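Here the numbering used here runs 748 ahead of the position in the sequence shown, where the first position is 1.
As structure tokens, the structure follows; a few thoughts come after it.
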Amino acid sequence: MNHITLRFPDDTIGRCDEIRAAADRGEAHTVQILGNDIKCGAARLALDEVRNLAAALEALGRNTRIDPMAAMVDLLESELASARRAVVDSAPQPTCLP
749 MNHITLRFPD DTIGRCDEIR AAADRGEAHT VQILGNDIKC GAARLALDEV
799 RNLAAALEAL GRNTRIDPMA AMVDLLESEL ASARRAVVDS APQPTCLP
């Protein structure tokens, strides 16, 4: 399970770049769709803060509010990094047998 949980933050960082590019182009609907995708993935993995930020991005896209998106993506990237560190820190450590 840790492998899947680790891949989500790593893969989602690329999605953040897509969101930024869509926002720069004024494509609010694309931001809405990408935010929804991230929200659903985060919910499946119980990454609540990531889910909440993605839901906020989804709502911004739905309401065509482009201006706050860049700051929101920065927060999302920061939270993804925190989630990844938490998964790594909670991973069972290999034990040496005598």
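Using N, Cα and C, we set each Cβ at its ideal position, and we do this for glycine too.
All values derive from a computational prediction rather than experimental measurement.
Supposed close pair residue i, residue j - CB separation, criterion 8 Å
{"i": "residue 795", "j": "residue 831", "result": "5 Å"}
{"i": "residue 704", "j": "residue 790", "result": "An answer regarding residue 704 cannot be provided, because it is not within the stretch 749 to 846 covered by the chain."}
{"i": "residue 812", "j": "residue 771", "result": "Going by Cβ atoms, the distance from residue 812 to residue 771 rounds to 11 Å, so no, they are not a contact pair."}
{"i": "residue 763", "j": "residue 786", "result": "6 Å"}
Residue i and residue j closer than 8 Å at C-beta
{"i": "residue 779", "j": "residue 828", "result": "no"}
{"i": "residue 823", "j": "residue 817", "result": "no"}
{"i": "residue 853", "j": "residue 821", "result": "Residue 853 is absent from the structure shown; the chain starts at 749 and stops at 846."}
Neighbour flag for residue i against chain C, beta carbons, 8 Å
{"i": "residue 791", "result": "The chain labelled as chain C is not found in the depicted structure, where only one protein chain is given."}
Entirely enclosed alpha helix (DSSP H) segments - the region 756-825, minimum 4 residues | Runs found: 776-792, 796-810.
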